[in-house]
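A.B. asks: Under this note's numbering, read the sequence shown as residues -12 to 97, first letter to last.
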Amino acid sequence: MSNITSKIELTVELDANRVPEKLQWTAEDGGITNEEAKAMMLSVWDSKTQETLRIDLWIKDMPVDEMKVFFHQTLVAMSDTFHRATQDEKMTATMKDFCDYFAEKLEIKK
């Protein structure tokens, strides 16, 4: 039986000071080719060191209001993923409560 491989590519264009100016991503299996993005967060679990390794990038002209919405939507998605992974209803509800609080304090319309 052969293994199936799927590749996701990230391309970051930097200015002279190595600040991201442009982000693009490709996931051919998902039908995405060189799609532009203004921000990204990638977390990878290193089982050997029991640590989360992260890459957080955003382009220099990312508007702050969009960054706030990006964070809110990411937190909501993490709550959903946490629930799917653990089935922990109580903590998921607590996380969702925080997401609502976060949106309220930042005056983000959901």
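Glycine included, every Cβ here is placed at the ideal spot set by N, Cα and C.
Classify residue 40 as buried or exposed, calling it buried when 16 or more other Cβ atoms lie within 10 Å of its own Cβ.
C.D. replies: Taking the sequence shown and counting its residues from 1, one reaches residue 40 at position 53. Its Cβ having fewer than 16 others within 10 Å, residue 40 is exposed.
A.B. asks: Can you tell me whether DSSP reads residue 5 as helix, strand or coil?
C.D. replies: Residue mapping note: residue 5 aligns to position 18 of the sequence shown, counting from 1. Of the three classes helix, strand and coil, the one that applies to residue 5 here is coil, per DSSP.
A.B. asks: Give the single residue among 12, 27, 75 whose Cα lies nearest to the Cα of residue 20.
C.D. replies: What you label residue 20 is simply residue 33 of the sequence shown in a count that begins at 1. Minimum Cα distance to residue 20 is reached at 12.
A.B. asks: Can you check which of these residues, 16, 44, 17, 18, is closest to residue 25 by C-alpha distance?
C.D. replies: Counting from one through the sequence shown, the residue named residue 25 turns up at place 38. Nearest C-alpha to residue 25: 44.
A.B. asks: Going by DSSP, name the residue or residues bridged to residue 24.
C.D. replies: What you label residue 24 is simply residue 37 of the sequence shown in a count that begins at 1. Answer is 10.
A.B. asks: Which partner residues of residue -3 appear in the DSSP bridge assignment?
C.D. replies: For the purposes of this step, residue -3 is identified with residue 10 of the sequence shown, where counting begins at 1. DSSP lists 12 as partners of residue -3.
A.B. asks: Using beta-carbon positions only, say whether residue 10 and residue 46 come within less than 7 Å of one another.
C.D. replies: Here residue 10 refers to the residue found at position 23 when the sequence shown is read from its first residue. Here residue 46 refers to the residue found at position 59 when the sequence shown is read from its first residue. In this structure, residue 46 lies closer than 7 Å to residue 10 by Cβ.
A.B. asks: Would you mind sorting residue 66 into buried or exposed? The rule is 16 or more other CB atoms within 10 Å of its CB.
C.D. replies: Translated into positions along the sequence shown, residue 66 becomes position 79. Residue 66 is buried by the Cβ-count criterion.
A.B. asks: Less than 7 Å separating the beta-carbons of residue 29 and residue 55?
C.D. replies: Walking along the sequence shown from the start, residue 29 turns up at place 42. Walking along the sequence shown from the start, residue 55 turns up at place 68. Against a cut-off of 7 Å, the Cβ pair of residue 55 and residue 29 comes out as no contact.
A.B. asks: Which term fits residue 90, buried or exposed, when burial requires 16 or more other beta carbons within 10 angstroms of its beta carbon?
C.D. replies: Within the sequence shown, the letter at position 103 stands for residue 90. Buried, since its Cβ has 16 or more Cβ neighbours within 10 Å.
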